[in-house]
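Presented below is the structure to which this report refers.
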Amino acid sequence: MASAAKSKGRKSPNPKRTNISQLDQSQDEGPPRKLGEKGSPDLPSINERLGHLRPSRELLEYYRKKIAEYDEEHDHMVSKLEEYKITYEEQHKLQWELRQREEEIVELQKALSDMQIYLFQEREHVLRLYSENDRLKIRELEDKKKIQQLLSLSGTTESEITYFMKEPPAKAIVEQKKRPTTAPNNNLRNGMKKKQLPVSDRRQSMSPNPEEKYKHDNEVLVLQVEALQAQLQEQTKIAKEQVEALMEDRRVKEEELETRRQRDEAKIHTLTEKLHKTQDLLYESTKDFLELRYQGRANERQWMAEKDRLLRELDSAKDKGNGQDSLLNMSVATEARAHYAEEVKTLDYQLQQAQKLAEMYREQVIQLEDELSRIREEGDVTREIFK
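For what it's worth, our numbering labels the leading residue of the sequence shown as 1, then goes sequentially.
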């Protein structure tokens, strides 16, 4: 085949030359056979005479070159495998980092949604506090008016009035006054003596005036309406912002799902193409393997027939007589056997490599089919989510 063609083109020795150790073992068993009935009993056997022969330089050089070519091809394939391994590891590393970044983005988006929920809750709480504050202010105003009304009705003196300050004064001020010698003189000097009303006038003054009462109620109701309007505006604003945030969150999630769906579809398409290519490659490899095995068996049958023919020629040559001619014929047969034995080894090696390659492709096809089924399941789940 290829080795035979190279040996013919390079003027290699006769292809019928073979290795001494690969002769038919039927000649190694039993007593040595003689060349003829009239041969000398001291003549050595054929195997002994072939054992002293040496292979030619051209044959040795040819096999050295073949071994060097095989070693170079092996080193080249190993380097290619190492490069493929490095590229594959880098790809896995990038995919792992990308997956981590996607998980971080999902966590950050979840945290952002939680923060928006907390913000809306706090704003509602603040709004409740504002409404409570408005209610307390209205109540405070009512209480002040009641206090003023009661003070005006009771007719108490200025010394008996107690004022409540909202905030403590920045600086305490104590006015110094002279002690009055007599209370009547002091009252007369300041003109602060008040006439006490009789009981009947007090009762009349304590009765509420309808106009003042309605006026007071109107003021309170106006304040309540203003507070409720402010609360309604705040509630409307918060509800609008909450709806906008929910719509934005929905839009972001839809974009993420669409991106994930497109990425899954692209991945499914890529894996499907890889699966088809792997199946085609497996088919071609299996076909080549079967053809090589058939050719190997055919060559083996041909070599066995050639071997039988050469053995018959050896037997006939031994019976013919001349030791020198017999030795020459045996060298020719030896070269042929060596050539065919080398081709048998080469084809066996190619057959083993083809078997290994076929097994490797079968495993890859199984892995890709598993990956494709898993991705299809994920795609079905994603479609159900979209529905």
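We treat Cβ as the ideally placed atom computed from N, Cα and C, and that holds for glycine.
Query: Reference valine 220; option with closest CA among Leu60, Arg376, Arg139 and Ala354; Result: Arg139
Query: Nearest candidate by alpha-carbon position, reference leucine 113, set Asp143, His92 and Glu248; Result: According to the sequence provided, residue 113 is serine. The question's leucine does not apply to it. Taking only the C-alpha atoms, the option nearest serine 113 is Glu248.
Query: Inter-residue spacing [alpha-carbon to alpha-carbon] between aspartate 143 and aspartate 134; Result: 14 Å
Query: Leucine 351 beta carbon less than 7 Å from that of leucine 292; Result: yes
Query: Integer-rounded CB distance, given that arginine 337 should sit under 8 Å from lysine 307; Result: 7 Å
Query: Sub-7 Å separation of leucine 119 and leucine 271 beta-carbons; Result: no
Query: The stretch 99-107 / the stretch 234-247 touching (three or more Cβ pairs under 8 Å); Result: no
Query: Other residues of its chain near lysine 146: CB distance less than 6 Å, five sequence neighbours each side excluded; Result: none
Query: Tyrosine 88 versus arginine 374: straight-line alpha-carbon distance, rounded; Result: 21 Å
Query: Buried or exposed (CB count within 10 angstroms, at least 16 for buried), phenylalanine 386; Result: exposed
Query: Of the residues Val332, Ser316 and Gln279, the one placed nearest glutamate 363, counting alpha carbons only; Result: Gln279
Query: For aspartate 264 and alanine 354, believed in contact at Cβ under 8 Å, the rounded distance; Result: Not confirmed; about 36 Å, so no contact.
Query: The stretch 119-129 / the stretch 229-241 touching (three or more Cβ pairs under 8 Å); Result: yes
Query: Distance, arginine 383 Cα to glutamate 377 Cα; Result: 10 Å
Query: Test item: CB-CB of leucine 310 and alanine 333 under 7 Å; Result: yes
Query: Glutamine 355 Cβ short of 6 Å to the ligand PLP heavy atom set; Result: This structure does not include the ligand PLP; it has no bound ligands of any sort.
Query: Contact belief for leucine 275 with glutamate 359 at Cβ below 8 Å, rounded distance in angstroms; Result: Wrong, their Cβ atoms sit about 17 Å apart, outside the cutoff.
Query: Inter-residue CB distance, serine 285 and tyrosine 349 (contact presumed, cutoff 8 Å); Result: Incorrect: roughly 16 Å between the Cβ atoms, too far for contact.
Query: C-alpha gap between arginine 261 and glutamate 83, whole angstroms; Result: 32 Å
Query: Ordered list of alpha helix (DSSP H) runs contained in the stretch 216-292, each at least 4 residues; Result: none
Query: Exposure label - lysine 331; buried when at least 16 CB within 10 Å; Result: Per the sequence shown, the amino acid found at residue 331 is serine instead of lysine. It is buried - the Cβ of serine 331 has at least 16 other Cβ atoms within 10 Å.
Query: Glycine 379 vs leucine 347 beta-carbon contact at 7 Å; Result: no
Query: CB contact flag (leucine 282, valine 365, <7 Å); Result: yes
Query: Helix, strand or coil at glutamate 29 [DSSP, three-state]; Result: Only weak support is given to the placement of glutamate 29: the predicted model assigns it a pLDDT of 40, under 50, and the value that follows is read from those uncertain coordinates. Three-state DSSP puts glutamate 29 in coil, outside helix and strand.
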